[in-house]
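J.:
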Amino acid sequence: MKILFVPQVADASIEYEFEDEKVTVYLDGESDTFDFMGLPDGKLEIEDEEGNLLIETSLPVNPILEAWREGGVLHVKLLNYIGMDANEKDRFPDWQEVG
Numbered sequence: 057m058k059i060l061f062v063p064q065v066a067d068a069s070i071e072y073e074f075e076d077e078k079v080t081v082y083l084d085g086e087s088d089t090f091d092f093m094g095l096p097d098g099k100l101e102i103e104d105e106e107g108n109l110l111i112e113t114s115l116p117v118n119p120i121l122e123a124w125r126e127g128g129v130l131h132v133k134l135l136n137y138i139g140m141d142a143n144e145k146d147r148f149p150d151w152q153e154v155g
């Protein structure tokens, strides 16, 4: 699985754990796990035409910004909270291979 952390300046803290094609998210004392194992090639629809979330989560925000499988490889863009003083690596992240 390839991931890209998409930075957003905030005071909150968000953390991720990865196992195979599962993403566990920890945010504000809550956690939720997203399992992408059955996702076929193509893009996962995150919202409907009215902007309603199609991914269910118990978290206060949906950390899954985009997900798709291309050539059998899962790609996921994830929300990443950073501080105003974040380093360049956190402000301009590269894709990472995890799982």
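Each position in the sequence shown, counted from 1, maps to that position plus 56 in my numbering. Cβ atoms here follow ideal geometry from the backbone N, Cα and C, with glycine treated the same way.
#1: Determine the DSSP secondary structure at residue 146, reduced to helix, strand or coil.
#2: What did DSSP end up calling residue 100 once you bin it into helix, strand or coil?
#3: Helix, strand or coil for residue 87 per DSSP?
#4: Going by the CB atoms, is the gap between residue 62 and residue 130 shorter than 8 Å?
#5: Measuring straight from C-alpha to C-alpha, what distance separates residue 68 and residue 83?
T.: With the structure as the only source:
#1: helix
#2: coil
#3: strand
#4: no
#5: 8 Å
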